[in-house]
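Residue numbers (my numbering): 410 to 811.
Think of the CB as a built atom: it goes at the ideal place given N, C-alpha and C, for glycine as much as any other residue.
Below is one structure, written out as structure tokens; the observations come after it.
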Amino acid sequence: MPYYNSTLCVPRGGSKKLAKAVIVDSVIETVPAQHVLIRVDKFGWSANNITYGVLGEDSHFRYFDFHPAPKTRNTSPKTHGVIPVWGFGTVVESNIEKIPVGERVFGYFPSAKYLMVRVDEKDVNNFNFYALRPHLPADRRPYNQITRCKADPLYNEDQEDASMLYSPLFWTSFWAEDWLYSTHYRSASRVLISSASSKTGFCLALAIKKRLQKTPGLELKVLGLTSKGNKAFVESLGLYDEVHLYDALDEVDVTAGPYCYVDVAGNSKLNDAIIDHLGPSMSFGVTLGMSHVNDTTSAAAKSSIKETAENDTTAKLEMFFMPEWFAVVRTTTPVKDIAELRKEGWNWIMKDGADWVKLETSKGKKKVLETFKHTLKGYVGPDKGLVFSLWEDDEEQLKAKL
């Protein structure tokens, strides 16, 4: 039977083109051998996804290479990209014996109604199966993993919306803190986080606070940078020792360092100002994401992964890429210990972060496209969590069998 798909596509060409996004319709006529068809029921949306869009064509990250844009009258893989999302879905057709129709799954899906993936039957276990993407580097395997909810010890049906919103952001921050701690923050005594109101920002602050609670002798102060409109929200979290405004950088005491600066905003002009203000008191800097999208964002992203560049302050920032560090962790830490770390960390955010954001759902093509464009303009407050579904309320739903 044919499946009628809808996909959110963005023109290639960087951040300036994101606002020209379109939702196009296509048809999946058949599901070939060794393939599984997943109905994407819903997915989380945040600044993290905007980062995927901005870096979609970057030769290192290659986010547009996970889910090719459909070939229609107005789109193709050469002209458009599909922004990846983290979401929940239901298997609606399967040519893999070990994967039944009706199974509930979680994964790195396209912003679409359906995802069809080729699966190696030898790479199916009780907990996960993996999309075959041989054109991507081996360290992208975490993105190819599709989790079988029934066997996932962290899965809670009542927490689906919160978990798909927090999952990519929290784990980026969680493993970034683990990476920072592996070198004891390179002797920094203060951590300054931009975009402190963003979920990536405050999840990192949470991970640092938890580290301090269980590590006697480790002394760090966590400072947040934010806008005037978000200051009250950031202070209400209780995660930052100090909260400062972007336009009052002079209040950040440079004599109290050395500093580790963590860039979450992804704004090159802001980075220039912060790095200039901190001067020699900045021990090192790291960039995690891009919560602020503007005309300089693409350039800032590319320069931030350079090790050095003459007269380029942004190049003083190292780019943290979670899959690369997690690959290192897997070689040094037993699987059982990793599972315990994940369980401990996830309990933090599900308990502490449950009331930090209010979830808002956008359903249907028109509403999703409208809300997507609003997020590019910064119209969504830090206390909001967005859940998207390209399915209308009155469209038939296949109930997951758990």
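Query	Result
Alpha-carbon spacing of I683 relative to I459, whole angstroms	23 angstroms
Integer-rounded CB distance, given that I602 should sit under 8 angstroms from G610	5 angstroms
Neighbourhood of E660 by C-beta, 7 angstroms cutoff - its chain only, sequence neighbours within 5 removed	H653
Whole runs of the beta strand (DSSP E) within the segment 657 to 694, excluding any shorter than 3 residues	668 to 672
Beta-carbon gap between L648 and R599 smaller than 8 angstroms	no
Local conformation of L632 per DSSP, three classes	strand
Proximity of L658 and V695 at Cβ, strictly below 8 angstroms	no
Contact set for W580: own chain, Cβ-Cβ below 7 angstroms, skip 5 residues either direction	M731
I602, enclosing beta strand (DSSP E) - first and last residue	R599 to I602
Segments of 4+ residues assigned as alpha helix (DSSP H) that fall wholly inside the segment 554 to 641	569 to 591 and 608 to 623
Proximity below 8 angstroms, CB of F583 to CB of G754	yes
Euclidean distance between Cα positions of F502 and Y655	In the sequence as displayed, the identity of residue 502 is Glu instead of Phe. Approximately 51 angstroms, taken between the alpha carbons.
Same chain only: Cβ atoms within 8 angstroms of K752, ignoring 5 sequence neighbours per side	P562 and L563
Top-ranked residue by Cα proximity to G423, from K559, D450, E466 and T439	E466
The segment 521 to 530 touching the segment 493 to 510, judged by at least three CB pairs closer than 8 angstroms	yes
Distance, H593 Cα to H489 Cα	42 angstroms
Reduced DSSP secondary structure (H/G/I, E/B, other) of V433	strand
Simplified DSSP assignment, three categories, for I758	helix
Where L543 falls, given that 16 or more other Cβ within 10 Å makes a residue buried	First, the residue type needs correcting, since residue 543 is Pro and not Leu in the sequence shown. P543 is exposed by the Cβ-count criterion.
Cross-strand partners of W495 (DSSP beta bridge)	Y517
Three or more C-beta pairs below 8 angstroms linking the segment 436 to 448 and the segment 467 to 475	no
Outcome for L613 when other beta-carbon atoms lying within 10 angstroms are tallied against a minimum of 16	buried
CA nearest to the CA of A540, picked from Q443, A585, G688 and S435	Q443
Cβ neighbours of C418 in the same chain (closer than 8 angstroms, five flanking residues each side left out)	A430, V431, I432, V433, A478, P479, T484, H489, G490 and V491
For W495, the nearest candidate out of P441, Q554, I437 and P546 (CA to CA)	Q554
Rounded separation between L799 and L646 - CA only	32 angstroms
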